[in-house]
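A.B. asks: Before we start, here is the structure in question, set down as structure tokens.
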Amino acid sequence: MLDVKQLTGGYGERTIVKDVSFHVRENTMLGILGPNGSGKSTLLKMISGSLPIKSGTVHIAGRERSRYKSKELARKMAVLPQLNPHAFSHTVRDTVALGRYPYQSGIITSWSAKDEQAVQFALTQTNIAHYAAHYLSDLSGGEQQRTFIAQALAQQSSLILLDEPTNHLDLAHQQQVMELLRRQVKKCGQSVVSVFHDINLAALYCDQLLLLQDGAVYALGTPQEIITAEAIAAVYGVDVACFTHPITGVPQITLKPLTE
Amino acid sequence: MKKYLVGYSVSLVLLAIATWLAISIGSVRVPLSVLWQPSSADAISANIIWKIRMPRVMLAGLVGAALAMAGAAFQGLLKNPLADPYTLGVSSGATVGAVMTMFFGLTTTTFGLFTLPVFSMLGALAALIAVLGFARLVDRSMRMETLILTGIIISAFLSSVISLMIALTGEELRQILHWLMGSVSMRGWAYVQLVWPFLLLGGGLLWWNRMELNALLFGEERAQYLGVNVKRSKWQILIGSSILTGSAVAVSGTIGFVGLVVPHMTRLIFGTDHRHLLPLAMINGATLLIVCDLIARTIIAPSELPIGVITSFIGAPVFAYIFFKQRKRG
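Taken in sequence, the protein lines are chains V and W. With my numbering, you'll find the first sequence wraps up at 355, consecutive numbering, no jumps. With my numbering, you'll find the second sequence wraps up at 315, consecutive numbering, no jumps.
Here you go:
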């Protein structure tokens, strides 16, 4: 689905991401982990095309990303950047409906039954149908975030890129969003690539993890392979204790307090 | 959907009432019935209506519609509620283009009658590119204040260019000065014919990009992810707004704040969906300018105020209010 080969680049002259390669198959959720400034968001922006690539290639569904037309690409790939404030705002429904933009064309606004169905599906899946008529600016950060997740769902793309989707969300909504993404991946065949701050959450839900250190791949593999006390110590520079999740058995970490 | 139906109905009724009042009220009170009851009509009344009032009202309406749509597009594209052709300095650019045409007596055969509006548009586009370019240079995030301040700087510079050209012309001074203050009086049908094709073209370009404008409200990055060809849409919107501003300035001079007040009010009542914001701003912009022109020519009758005086009188306080509200929120 997504094939990244020897990707290098950054902001202007500064190279932040160095020689990153990985591959994401269908029905797979890949989590990108790494400390602040390790290039997680930069990598995501280079894959999505909002930052230029210095060298390397990005293939989406077997085709080089730059060879897609704008709308064509949006039908293949939905991207959820970090939440930012805006001066004007649409209603929740209008915001989610914009996810259908890549399916529309022409001087007359066309709105098909399929468009409506996709929007309704996205609204109910993210549990925001009851806010549909509210203005985005009147909602909390978490509600806004779920609205944009719904927008990405309405795009019905085969690949979704997310930058810290659980930011601004409380525990219940974190679970809800992660379960939703997992369901999309397992039932609807979408692939998800997401940046995470929360190592435990990523280990719990992702099939594959990519650990970044100074913009380069430190390790790539299943949570069992990646989440070790040694790797976390090496990349994040903290001493942690590792344990297995009592129910699922995936590795989890916890900080070791330094003072008694 | 019902909200918009009411919105369009009310806006159209207001436009009809404004048109009716503006045609019948004036130095000579003319009942509109002379148009369809020739028996009761005298030739003078019919003449007043057809030759003087009608073109004047039509021109005011077209200019108001153009400025309001341009303002709505600027605000959407720049995500800046204070943007409008006047505050961004785009009107000044158009004025320089127009004054230059008169100053150098440019009347090319290629454009014929359209020389003036074409040069106004080019002036508008040049000023717009200068303002956006400089604002981006100062502050990449293009904050609200940066953009408006840049507009003021460019406006001030262009005003001095205009003053210089006026000083050099001498004899035609009075004519240009009057035109500069903004007016839709005594322009006749020729000017109406001059402006409507551009209104159609510029408005059409914006209408073509109404969904793109909706997406751009979330920023260029998100718009791109939604499948918007950001570069192409931005240029189309900038050119469309410049066409509207340029043609409005070419026929009526600088009329400030219409593009600020009308989209703001429309957005307040009907929301930010450009599919409805653009047409509603167009209708209400026409109504506002027809009413402002009516006030301008009747309030100190028998003399006339420049219409820009009235629009600024309403517009500047609205500007202050929006600025205040935005600062409070930020």
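Ideal Cβ positions, reconstructed from N, Cα and C, are used throughout, including at glycine. Because the structure is a prediction, the values reported are computed rather than measured.
According to DSSP, S289 (chain V) sits in a beta bridge with which residue or residues?
C.D. replies: DSSP lists V:G126, V:L257 as partners of S289 (chain V).
A.B. asks: For G315 (chain W), which residues from the same chain have a beta carbon less than 7 Å from its beta carbon, with the 5 sequence-adjacent residues on both sides left out?
C.D. replies: With a pLDDT of only 46 at G315 (chain W), under the threshold of 50, the placement of this residue in the model should not be trusted; the figure read from the coordinates follows. So no residue of the chain qualifies.
A.B. asks: Under 8 Å, do A50 (chain W) and L185 (chain W) count as touching if we go by C-beta distance?
C.D. replies: no
A.B. asks: Do S286 (chain V) and T123 (chain V) come within 8 Å of each other at the CB atom, strictly closer than that value?
C.D. replies: yes
A.B. asks: Would you tell me roughly how many angstroms separate the C-alpha atoms of P287 (chain W) and I10 (chain W), rounded to the nearest one?
C.D. replies: 13 Å
A.B. asks: Along the region 288 to 305 of chain V, what residues have a CB closer than 9 Å to any CB found in chain W?
C.D. replies: none
A.B. asks: Contact check, Q269 (chain V) vs L296 (chain V) under 8 Å by CB: the rounded distance?
C.D. replies: Q269 (chain V) to L296 (chain V), Cβ: 7 Å. Contact.
A.B. asks: Looking at the strands, I want to know which residues DSSP matches up with D98 (chain V).
C.D. replies: V:H118, V:H154
A.B. asks: So if DSSP puts L304 (chain V) in a beta bridge, which residue, or which two residues, is it bridged to?
C.D. replies: V:G126, V:G316
A.B. asks: Do the CB positions of K149 (chain V) and G107 (chain V) come within less than 8 Å of each other?
C.D. replies: no
A.B. asks: Helix, strand or coil: how does DSSP classify P346 (chain V) here?
C.D. replies: strand
A.B. asks: Let's see if you can read the secondary structure: which residues bound the alpha helix (DSSP H) around A208 (chain V)?
C.D. replies: 208 to 220
A.B. asks: Of the residues W:I268, W:V236, W:R207, which one's Cα is nearest the Cα of Q178 (chain W)?
C.D. replies: Comparing Cα positions, the closest option is W:V236.
A.B. asks: Would you say the region 214 to 223 of chain W touches the region 32 to 44 of chain W, given that touching needs at least three Cβ pairs under 8 Å?
C.D. replies: Contact fails between the region 214 to 223 of chain W and the region 32 to 44 of chain W, because fewer than three Cβ pairs, one in each stretch, are under 8 Å apart.
A.B. asks: At least one CB of chain V closer than 8 Å to the CB of K310 (chain W): is that the case?
C.D. replies: no
A.B. asks: Between V:V187, V:G237, V:S205, which has its C-alpha nearest H229 (chain V)'s C-alpha?
C.D. replies: Ranking the options by Cα distance to H229 (chain V), first place goes to V:V187.
A.B. asks: Does the beta carbon of L198 (chain W) sit closer than 8 Å to a beta carbon anywhere in chain V?
C.D. replies: no
A.B. asks: By how many angstroms is the C-alpha of L97 (chain V) removed from the C-alpha of F338 (chain V)?
C.D. replies: Cα to Cα, F338 (chain V) sits roughly 32 Å from L97 (chain V).
A.B. asks: Just to confirm before moving on: does the CB-CB distance between Y210 (chain W) and A213 (chain V) stay below 8 Å?
C.D. replies: no
A.B. asks: Is the region 252 to 266 of chain V close to the region 165 to 185 of chain V, with three or more CB pairs under 8 Å?
C.D. replies: yes
A.B. asks: Would the region 115 to 131 of chain W count as touching the region 53 to 70 of chain W if we require 3 or more Cβ pairs under 8 Å?
C.D. replies: The region 115 to 131 of chain W makes contact with the region 53 to 70 of chain W; the number of CB pairs closer than 8 Å reaches 3 or more.
A.B. asks: Please return the same chain residues whose Cβ sits closer than 6 Å to the Cβ of V312 (chain V), not counting the five positions on each side in sequence.
C.D. replies: V115
A.B. asks: Could you tell me how far apart the beta carbons of S227 (chain W) and V75 (chain W) are, in whole angstroms, since I believe they sit closer than 8 Å?
C.D. replies: 7 Å
A.B. asks: G244 (chain W) and Y71 (chain W): beta carbons closer than 8 Å?
C.D. replies: yes
A.B. asks: Give me the subset of the region 248 to 259 of chain W whose CB atoms are less than 8 Å from a CB atom of chain V, sorted by chain position.
C.D. replies: R252, G256, T257, D258
A.B. asks: Checking contacts by CB at 8 Å: is S116 (chain V) closer than that to chain W?
C.D. replies: no
A.B. asks: Going along the region 201 to 217 of chain W in order, which residues come within less than 7 Å of chain V, judged by CB to CB distance?
C.D. replies: Cβ contacts with chain V: L202, F203, G204, E206, R207, Q209, Y210, L211, G212, V213, N214.
A.B. asks: If contact means a Cβ-Cβ distance below 9 Å, which residues of the region 162 to 173 of chain V contact chain W?
C.D. replies: Taking 9 Å as the Cβ-Cβ cut-off against chain W, the residues of the region 162 to 173 of chain V that qualify are K164, S165, K166, E167, L168, A169, R170, M172, A173.
A.B. asks: Evaluate the contact criterion for the region 334 to 352 of chain V versus the region 312 to 322 of chain V: three or more CB pairs, one atom per stretch, below 8 Å.
C.D. replies: yes
A.B. asks: What does the alpha-carbon distance come out to for the pair A301 (chain W) and M250 (chain W)?
C.D. replies: 14 Å
A.B. asks: Against S136 (chain V), what residues of chain W qualify as contacts under a CB-to-CB distance less than 7 Å, listed in chain order?
C.D. replies: Neighbourhood of S136 (chain V) in chain W, by CB distance below 7 Å: empty, with the nearest CB roughly 12 Å away.
A.B. asks: Starting from P176 (chain V), find everything on chain W with Cβ-Cβ shorter than 9 Å and list it in chain order.
C.D. replies: G204, E206, R207, Y210
A.B. asks: Using a Cβ-Cβ cutoff of less than 7 Å, which residues in the same chain neighbour V169 (chain W) once the five nearest sequence positions on both sides are dropped?
C.D. replies: R41, L44, A45, V48, S237, D278, I292
A.B. asks: Does any C-beta atom of chain W lie closer than 8 Å to the C-beta of D189 (chain V)?
C.D. replies: yes
A.B. asks: For D258 (chain V), count the other beta carbons within 10 Å of its own beta carbon; 16 or more makes it buried, fewer makes it exposed. Which is it?
C.D. replies: buried
A.B. asks: Does the structure place the region 317 to 336 of chain V close enough to the region 128 to 135 of chain V that three or more beta carbon pairs sit under 8 Å?
C.D. replies: Yes: the two stretches touch, three or more of their Cβ pairs being nearer than 8 Å.
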